[in-house]
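One structure is given here, and the rest of the page talks about it.
Protein chains in written order, with the working numbering: chain U, 1 to 375; chain L, 376 to 750.
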């Protein structure tokens, strides 16, 4: 069974766009192993758009030999030899968003080709769809074609929320579906895509079928393909914490070859990753929201399998420091219930509390805790 | 992990209502073993409302000793000794729907009591909730209390669709939630609850969290607590086939001690059960609907893990015989794709088809097939 917890990995698009080649992918695979990303759970190394040759050969997609002289199968084999999974990209239209050949009318042969290359993950985009063609049906076609190959391939529907894919993505065979347009490396984009656009989507996610608020921009600092000003370390913490609470796929988008220590500390925080990967598989939801003048605070909660609750307390406004609260009653806990509270960023046990936990949170930062009822 | 496929079992309510006792539950457990229900996947034997004593003892719910002289734990132990799981019932209000004591304000102690009794499944109803109290919060409370016991207990939210539990039931810790009021043993009830009220709910279901269109009335033939005219054998086939396509929990509601052969044939059809229990865990959806004059036909499809598609072709109208179709294109299949078609009721392979499969279906009956693309 695929994607029983949200898929984790890396995708070439956010930083590299067109600047992809064999060496980059091999280096990224090596870094995944050497920096502990693989062992932290990041599994799927995915090549996004702009990998293909200009013509089909015997009806089949093939690769740009300038970028990939040894071919895609060799890269896939290398990923597998390193204990990783390998992902590719195509599109439901006649051409990809980068104007390369895509899978419209070739769904079955392309699914077969990807399966033969040892592909474990397919991101399937939505550009250049012929006018009047039913979008969800195109995604259903590719989902059916992938399943019929017999190879377990995670199917990542990249339809940008156009036709509410959360309403049909799972039935189309999707394991995850983008809910919005592309993320950018900016605080405004994180606020829009993450905090504003995901809150209503929690009931559509679960093991094997996840809402996808797009890939991570953690560690990009304004460099790369989707750069747009960049974020502060604290803003990247908010971004990662929310994606963990949302049970969102965690697809790294930065250049992992040059991560700084802060980026490592965020992406490799095992306690936050455990929230994201909790086997109960419930997407977190907003339990509290304060919004007046320049003060904006939100509290999000995610129930975990062991009976504890992960809680993110966000100061999204401009006030430098703000008290943010998580009252027990909002979490389904009796106010008298004694609970252990643990800081998930630091791994520090903060003590036993009843009724409510509150924390001073800096502007554009987050306190991330786990609340565990004491037996 | 609980309820990774829809829970299967039996519940006392539909046939027995208040007429429950220790002997009935033990006999039902024995029939589950001897008639092959257990081995077919029916696991949970659940006592519904009207089991409790009039007073709490030391703050705890206790049983009606006239009905259960040896107590609940002895029954639970007996179920477990026979390789089955054991379920109980309570209610989010002050009293149950049958006016017995319920769990409002006692959620934690009651969850603990059920855990100590070895309960594996809790149906949690919605009667006698104090005015002004937030319903979803009450279900969240019990979900949190159950999880905090540390015992794996399937949490069945019985809120009748009042507050759209599909939008918050999974986040409340529910593994399934009723979507409507109670089913009755009648064709009109199956049409209303099954065919009309479930079609929009498919995206909310998945492994660990299922829509529940209520328990089965197959084999009741107008007898018992929710009797209302009864159904024909063909109507029971439609009911069971649709519940399998919906990935609905399959909770038997008839008296299993006196099933006739038709009831056995329906409830024990392994190929239909396999559709319900398919590990991909996608709820089926309506792919075609014809409704004019007295002719009503519907086609429902459920994608399966192995790349095949289960399809139910229903003649819901009064025309004695009607051709019902499943065109490939509506299923995400290329029209040219050759597919094996198998009759799931009979286990007969019907041959290889392209483009479309059509069948003559009698009034209020169903043809249930599996379509498997040939490699």
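Glycine included, C-beta positions come from ideal geometry on N, C-alpha and C.
Closer than 8 Å at the beta carbon, the chain L residues around residue i
i, result
"residue 307 of chain U", "519, 522, 523, 524, 525"
"residue 137 of chain U", "704, 707"
"residue 115 of chain U", "What residue 115 of chain U touches in chain L: nothing, since even the nearest Cβ is about 11 Å away."
"residue 108 of chain U", "709, 712"
Closer than 9 Å at the beta carbon, the chain L residues around residue i
i, result
"residue 166 of chain U", "578"
Contacts of residue i in chain L (Cβ-Cβ under 7 Å)
i, result
"residue 1 of chain U", "654"
"residue 209 of chain U", "581"
"residue 170 of chain U", "578, 581, 657"
"residue 159 of chain U", "Within 7 Å Cβ-Cβ: nothing; residue 159 of chain U doesn't reach chain L, min ~14 Å."
Three-state class that DSSP yields for residue i in the structure shown
i, result
"residue 68 of chain U", "coil"
"residue 614 of chain L", "helix"
"residue 409 of chain L", "helix"
"residue 295 of chain U", "strand"
"residue 693 of chain L", "coil"
"residue 369 of chain U", "strand"
"residue 27 of chain U", "helix"
"residue 11 of chain U", "strand"
"residue 645 of chain L", "helix"
"residue 470 of chain L", "strand"
"residue 143 of chain U", "helix"
"residue 325 of chain U", "strand"
"residue 578 of chain L", "helix"
"residue 184 of chain U", "coil"
"residue 586 of chain L", "strand"
"residue 251 of chain U", "strand"
Sequence-distant residues of the same chain with beta carbon closer than 7 Å to residue i, five excluded per side
i, result
"residue 521 of chain L", "486, 497, 528, 530, 548"
"residue 580 of chain L", "586, 622, 658"
"residue 349 of chain U", "340, 342"
"residue 535 of chain L", "501, 553, 555, 556"
"residue 119 of chain U", "76, 86, 87, 88, 153"
"residue 516 of chain L", "482"
"residue 607 of chain L", "739"
CB contact check: residue i to chain L, cutoff 9 Å
i, result
"residue 197 of chain U", "no"
"residue 289 of chain U", "no"
"residue 141 of chain U", "yes"
"residue 4 of chain U", "yes"
"residue 298 of chain U", "no"
"residue 303 of chain U", "yes"
Any C-beta of chain U under 9 Å from that of residue i
i, result
"residue 660 of chain L", "yes"
"residue 497 of chain L", "no"
"residue 382 of chain L", "no"
"residue 548 of chain L", "yes"
"residue 657 of chain L", "yes"
"residue 712 of chain L", "yes"
"residue 750 of chain L", "yes"
"residue 610 of chain L", "no"
Cut-off 8 Å between Cβ atoms - residues of its own chain near residue i, not counting five sequence neighbours on either side
i, result
"residue 542 of chain L", "579"
"residue 691 of chain L", "566, 570, 613, 671, 672, 673, 739"
"residue 457 of chain L", "404, 405, 407, 408, 413"
"residue 418 of chain L", "382, 383, 384, 459, 460"
Close-in-space but distant-in-sequence residues of the same chain around residue i (CB under 6 Å, 5 per side omitted)
i, result
"residue 447 of chain L", "438, 492"
"residue 241 of chain U", "312, 366, 368"
"residue 590 of chain L", "386, 389, 626, 628"
"residue 259 of chain U", "219"
heavy atom of the ligand FAD below 8 Å from residue i C-beta
i, result
"residue 173 of chain U", "Of ligands this structure carries none, so the ligand FAD is not represented either."
Under 7 Å by beta carbon: chain U residues contacting residue i
i, result
"residue 397 of chain L", "What residue 397 of chain L touches in chain U: nothing, since even the nearest Cβ is about 31 Å away."
Exercise. Contact between the region 451-466 of chain L and the region 479-496 of chain L: three or more CB pairs below 8 Å?
Worked result: Contact holds: three or more Cβ-Cβ distances are below 8 Å.
Problem set entry | Cβ contact check for the region 502-518 of chain L and the region 466-483 of chain L: 3 or more pairs under 8 Å | Short answer: they touch.
Exercise. Counting Cβ pairs closer than 8 Å, one from the region 240-249 of chain U and one from the region 299-310 of chain U, do we hit at least three?
Worked result: Yes, they touch.
Exercise. If we count Cβ pairs, one from each stretch, closer than 8 Å, do we get three or more for the region 219-234 of chain U versus the region 285-295 of chain U?
Worked result: Proximity of the region 219-234 of chain U to the region 285-295 of chain U falls short of the contact definition, fewer than three beta-carbon pairs being nearer than 8 Å.
Exercise. Looking at C-beta atoms only, is the number of pairs between the region 36-49 of chain U and the region 258-268 of chain U that lie closer than 8 Å three or more?
Worked result: Touching, yes, given that three or more Cβ pairs across the two stretches are closer than 8 Å.
Exercise. How do the region 67-82 of chain U and the region 14-24 of chain U stand: do at least 3 beta-carbon pairs fall below 8 Å, yes or no?
Worked result: The answer is yes - the region 14-24 of chain U touches the region 67-82 of chain U, with three or more Cβ pairs under 8 Å.
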